[in-house]
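Visitor: Residue numbers (the working numbering), protein chains in the order written: chain A, 1 to 132; chain B, 133 to 264; chain C, 265 to 396; chain D, 397 to 528; chain E, 529 to 660; chain F, 661 to 792.
Just so you know, even glycine gets a beta-carbon here, dropped at the ideal spot from N, CA and C.
Please read these numbers as outputs of a predicted model, since none were measured by experiment.
I have a structure I would like to understand better, so I am pasting it below and will then ask my questions one at a time.
There are 6 protein chains.
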Amino acid sequence: MYELTVRDQMMIAHSFTGTVFGPAQKLHGATYVVDVTFYREALDADGLIVDIGAARSTLASVLGEFNLTNLDDHESLAGHNTTTEFMAKVVFDRLHQAIAEGRLGPTARDLQRMRVTLAESPVAWAGYEAAL
Amino acid sequence: MYELTVRDQMMIAHSFTGTVFGPAQKLHGATYVVDVTFYREALDADGLIVDIGAARSTLASVLGEFNLTNLDDHESLAGHNTTTEFMAKVVFDRLHQAIAEGRLGPTARDLQRMRVTLAESPVAWAGYEAAL
Amino acid sequence: MYELTVRDQMMIAHSFTGTVFGPAQKLHGATYVVDVTFYREALDADGLIVDIGAARSTLASVLGEFNLTNLDDHESLAGHNTTTEFMAKVVFDRLHQAIAEGRLGPTARDLQRMRVTLAESPVAWAGYEAAL
Amino acid sequence: MYELTVRDQMMIAHSFTGTVFGPAQKLHGATYVVDVTFYREALDADGLIVDIGAARSTLASVLGEFNLTNLDDHESLAGHNTTTEFMAKVVFDRLHQAIAEGRLGPTARDLQRMRVTLAESPVAWAGYEAAL
Amino acid sequence: MYELTVRDQMMIAHSFTGTVFGPAQKLHGATYVVDVTFYREALDADGLIVDIGAARSTLASVLGEFNLTNLDDHESLAGHNTTTEFMAKVVFDRLHQAIAEGRLGPTARDLQRMRVTLAESPVAWAGYEAAL
Amino acid sequence: MYELTVRDQMMIAHSFTGTVFGPAQKLHGATYVVDVTFYREALDADGLIVDIGAARSTLASVLGEFNLTNLDDHESLAGHNTTTEFMAKVVFDRLHQAIAEGRLGPTARDLQRMRVTLAESPVAWAGYEAAL
Chain A
1 MYELTVRDQM MIAHSFTGTV FGPAQKLHGA TYVVDVTFYR EALDADGLIV
51 DIGAARSTLA SVLGEFNLTN LDDHESLAGH NTTTEFMAKV VFDRLHQAIA
101 EGRLGPTARD LQRMRVTLAE SPVAWAGYEA AL
Chain B
133 MYELTVRDQM MIAHSFTGTV FGPAQKLHGA TYVVDVTFYR EALDADGLIV
183 DIGAARSTLA SVLGEFNLTN LDDHESLAGH NTTTEFMAKV VFDRLHQAIA
233 EGRLGPTARD LQRMRVTLAE SPVAWAGYEA AL
Chain C
265 MYELTVRDQM MIAHSFTGTV FGPAQKLHGA TYVVDVTFYR EALDADGLIV
315 DIGAARSTLA SVLGEFNLTN LDDHESLAGH NTTTEFMAKV VFDRLHQAIA
365 EGRLGPTARD LQRMRVTLAE SPVAWAGYEA AL
Chain D
397 MYELTVRDQM MIAHSFTGTV FGPAQKLHGA TYVVDVTFYR EALDADGLIV
447 DIGAARSTLA SVLGEFNLTN LDDHESLAGH NTTTEFMAKV VFDRLHQAIA
497 EGRLGPTARD LQRMRVTLAE SPVAWAGYEA AL
Chain E
529 MYELTVRDQM MIAHSFTGTV FGPAQKLHGA TYVVDVTFYR EALDADGLIV
579 DIGAARSTLA SVLGEFNLTN LDDHESLAGH NTTTEFMAKV VFDRLHQAIA
629 EGRLGPTARD LQRMRVTLAE SPVAWAGYEA AL
Chain F
661 MYELTVRDQM MIAHSFTGTV FGPAQKLHGA TYVVDVTFYR EALDADGLIV
711 DIGAARSTLA SVLGEFNLTN LDDHESLAGH NTTTEFMAKV VFDRLHQAIA
761 EGRLGPTARD LQRMRVTLAE SPVAWAGYEA AL
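Okay, structure coming up:
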């Protein structure tokens, strides 16, 4: 299996609901370093997994919805704790939709799996991975 | 599949038995940067894979058994070369037991897999991964 | 000149005032990876620059004032843009006071310089350095 | 499953064919940070996945074929775009052959899987993984 | 003294002249991870060392002259070995000129020092630092 | 001022004397990631700060005296706590002597400053810097 990863980041504010979160129930924030890995069994005719330029710009576009905002204000996230693992799935779903819409190019429809990880600090990160 | 990783470290002395180890047969030491990844299919009701505070403190407790010691002096490790890969399995087993004892909280019993890696330097690391 | 650095982190929300900040005028957040470097000409009698345990716990205490909070709510920061460079100076000043109060141990009073850097992402960081 | 990773690097020039590559069609270059992960179900009698010394020297030998050269000049690569993902497979195949030839020691024949990743920058890397 | 660093990268081909370079006399390449640090004694009225958006875009523009090219083909570099340390000075000079031209904003003229480092691999980097 | 840094590592055991060290009074160990920075005002005729090959091999030779040993057994270190900051000075002195002996090449005698840092973990490092 081949794999390609691109990295970007976003800076957000948020708060959590539930006593398990302790002081993180208050409004605070995070820099999320976001890695997206694309998997496919064979390379395309150009020797590529996916057009890396399209992958980068689409990831930047997906993160742009959240970057420099307060996640508590996003209607599409309402009713959820925007934990690192939850946000990894949100980014995964946005990118999955982008692939379906052809925004990563026609050959991206041959991708078999995708993995998204968000590092909230040098000592903690979370992710979501699934078949496409 | 969702995943969450936490990082900690320990500083140990040890020596190896066997000519394959060359100069590492003598007493030397290592800083192990320890990453533990927890995997589960679905998030819990709080949007979490595992209580990150419990995960961190349990990992610190497990590493505390070995940190700032000479592994050659541990009866529980006697008769084994405490290679990086061997120690990854030791930390895995200690954490597995902690999960069974409920030390990572009740929802941690729904974890499906776990992976432990120990980096002995920026150019070499080893790990152990298995279903729970 | 000898130097010793310890690293910790904090996760905060904040917003900025001024059109130069563009979208960062809205409430957002950051993980700051904080490095503090202590400088001195000669080691103490134990071969140390500073008691590393005291340095770590004091740094954690200083960051604890801000970690998991919204910097916009801190009275002591009111009237300032809490930029990364500004916050580096704030952490520097808090640590400077801690040294004066003897919280890093008596030999810490022989430190000659200190530098604090805050990394807001893998591609941007800022700091403040001065004689003590 | 146990895993062991060793890291090395190579510095190469190359150019690409195909309009999808844009300005990268011109001669340029890259430092590839190369990670090779070896997987096996059980440790050998010494507590090892593979002889790490043999793994390092064999990896260095494989990379030595390409390091400090222009990939466009290699006959064995002719007719291919030497993308990061393509080169990951090339390194994988060279190492696979080395294992078959016994260059990683006799117990290396019990390795089950191998993964090679090449990081072309801090924000992009690619790899190839397969059973052995 | 305050400091702010921004990071970017470029991927280049080049060759060296002189027996001291050994195999690096042949055409090869590198990814340079480029860090630029700006120093000033006091923050501006917004609490900034320099407009980080202008700093990033100017750095990208300077690196764009060299990124994805063969340095051996640049007339402005002819007659020089484009070593990592030499290229750090080239980037420094280009940024120095950009500051003088006001491309980093009017307050950037109050910068006191600048440092440019180029990392050619995780185990080697070089830089140039001077007063402005 | 120009600067060049090369990185290597060593893995050692040691113990400390003095109650300030707490549990680190017992035998333990560390991986030290060692960075050596060479400074000079002008490049040599080849465009270099120092012959990087000679710098690497000399550093490896210096670290080879300590790598995979117990520092408590070295007569040359007897009577000292081999703290990270102390060992930085030891490596500095060994390299200083190597430069004086011409082991880094004749132009290395024009180096103005040198800095050695030893990272004992991702959250703590120490160093020594001085004019040559």
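Nearest to residue 462(D) by CA position, among 436(D), 524(D), 409(D), is which residue?
Guide: Nearest option by C-alpha distance: 409(D).
Visitor: Measure the CB-CB distance between residue 202(B) and residue 150(B) and report whether it falls below 8 angstroms.
Guide: Contact: no.
Visitor: Flag this pair as touching only if the region 693–711 of chain F and the region 529–539 of chain E have three or more C-beta atom pairs under 8 angstroms; answer yes or no.
Guide: No, the region 693–711 of chain F does not touch the region 529–539 of chain E.
Visitor: How big is the Cα-Cα spacing for residue 152(B) and residue 215(B)?
Guide: Computed Cα separation, rounded: 12 angstroms.
Visitor: Check whether the Cβ atoms of residue 129(A) and residue 175(B) lie closer than 8 angstroms to each other.
Guide: No, the pair does not count as a contact, with Cβ atoms beyond the cut-off.
Visitor: Who does residue 777(F) pair with in a DSSP beta bridge?
Guide: In the DSSP output, where bridge partners are listed per residue, residue 777(F) has 695(F), 787(F).
Visitor: Give the residues of chain B in contact with residue 799(F), contact being defined as C-beta atoms less than 9 angstroms apart.
Guide: The requested residue 799(F) does not occur in the structure, where chain F is confined to residues 661 to 792.
Visitor: Examine chain B for any beta-carbon lying closer than 8 angstroms to the beta-carbon of residue 75(A), and answer yes or no.
Guide: No - not a single Cβ of chain B is within 8 angstroms of the one on residue 75(A).
Visitor: Taking just the CA atoms, how far does residue 341(C) sit from residue 192(B)?
Guide: Those two C-alpha atoms are separated by around 34 angstroms.
Visitor: Where residue 90(A) and residue 293(C) are concerned, what is the direct C-alpha to C-alpha distance, given to the nearest angstrom?
Guide: Computed Cα separation, rounded: 18 angstroms.
Visitor: Who are the neighbours of residue 392(C) on chain E, taking C-beta pairs under 8 angstroms?
Guide: 529, 530, 531, listed in chain order.
Visitor: Going by CA-CA distance only, name the one from 378(C), 327(C), 317(C), 311(C) that's closest to residue 369(C).
Guide: The residue with the shortest Cα to Cα distance from residue 369(C) is 317(C).
Visitor: For chain B, is any of its Cβ atoms less than 8 angstroms away from the one on residue 690(F)?
Guide: It does; some Cβ of chain B falls within 8 angstroms.
Visitor: Have a look at the DSSP bridge pairing and note the partners of residue 271(C).
Guide: Residue 271(C) is bridged to 299(C).
Visitor: Where do the N-terminal and C-terminal ends of the alpha helix (DSSP H) with residue 553(E) fall, by residue?
Guide: From DSSP, residue 553(E) is part of no alpha helix (DSSP H); its letter is neither H nor E.
Visitor: Less than 8 angstroms between the C-beta atoms of residue 670(F) and residue 723(F), yes or no?
Guide: Yes.
Visitor: Let's test the definition: count the other Cβ atoms within 10 Å of the Cβ of residue 659(E) and tell me whether it reaches 16, buried, or not, exposed.
Guide: Exposed, by the Cβ-count rule.
Visitor: For a cutoff of 8 angstroms on Cβ pairs, would you count residue 103(A) as touching chain D?
Guide: Not an interface residue.
Visitor: Please classify residue 205(B): is it buried, with 16 or more other beta-carbons within 10 angstroms of its beta-carbon, or exposed?
Guide: Label assigned to residue 205(B): exposed.
Visitor: Who are the neighbours of residue 405(D) on chain E, taking C-beta pairs under 8 angstroms?
Guide: Within chain E, the residues near residue 405(D) are 649, 650, 651.
Visitor: Going by DSSP, what residues sit across from residue 172(B) in a beta bridge?
Guide: Residue 172(B) pairs with 134(B).
Visitor: Report the three-state DSSP secondary structure of residue 742(F) (helix, strand or coil).
Guide: Residue 742(F) falls in the coil class under three-state DSSP.
Visitor: Would you call the CB atoms of residue 626(E) and residue 560(E) closer than 8 angstroms?
Guide: Going by C-beta atoms, residue 626(E) is not nearer than 8 angstroms to residue 560(E).
Visitor: Take residue 517(D) as the anchor and find which of 419(D), 421(D), 430(D), 398(D) has the nearest alpha-carbon.
Guide: That would be 430(D), whose Cα lies nearest to the Cα of residue 517(D).
Visitor: If I measure Cβ to Cβ from residue 631(E) and keep anything under 6 angstroms in the same chain, skipping five residues before and after, which residues do I get?
Guide: If we look at residue 631(E) and ignore the five residues flanking it on each side, its Cβ neighbours are 586.
Visitor: Of the choices 521(D), 421(D), 508(D), whose alpha-carbon is the least far from that of residue 445(D)?
Guide: The residue with the shortest Cα to Cα distance from residue 445(D) is 508(D).
Visitor: Candidates 117(A), 51(A), 27(A): which alpha carbon is nearest residue 93(A)'s?
Guide: The shortest Cα separation from residue 93(A) among 117(A), 51(A), 27(A) belongs to 117(A).
Visitor: Just to make sure I have the definition right: I need the residues of chain F whose C-beta is within less than 7 angstroms of the C-beta of residue 546(E). Which are they?
Guide: Simply 706.
Visitor: If you follow the alpha helix (DSSP H) that residue 547(E) is part of, which residue opens it and which one closes it?
Guide: Looking at the DSSP string, residue 547(E) is not in any alpha helix (DSSP H), and its letter there is neither H nor E.
Visitor: Does the beta carbon of residue 420(D) sit closer than 8 angstroms to a beta carbon anywhere in chain E?
Guide: Cβ-Cβ to chain E under 8 angstroms: yes for residue 420(D).
Visitor: Can the beta-carbon of residue 552(E) be found closer than 8 angstroms to that of residue 491(D)?
Guide: Contact: no.
Visitor: With DSSP run on the structure shown, which of helix, strand or coil describes residue 448(D)?
Guide: In this structure, residue 448(D) counts as helix in the three-state DSSP scheme.
Visitor: CA-CA distance, residue 110(A) and residue 320(C)?
Guide: Each residue's Cα considered, the two are about 50 angstroms apart.
Visitor: Are residue 88(A) and residue 47(A) close, meaning C-beta to C-beta below 8 angstroms?
Guide: Not a contact, by the Cβ cut-off of 8 angstroms.
Visitor: Tell me which same chain residues have a C-beta within less than 8 angstroms of the C-beta of residue 543(E), skipping the five on either side of it?
Guide: So the qualifying residues of the chain are 552, 553, 554, 555, 556, 600.
Visitor: From residue 265(B) to residue 371(C), what does the alpha carbon distance come to, in whole angstroms?
Guide: Beyond the ends of chain B as shown, which are 133 and 264, falls residue 265(B); an answer cannot be given.
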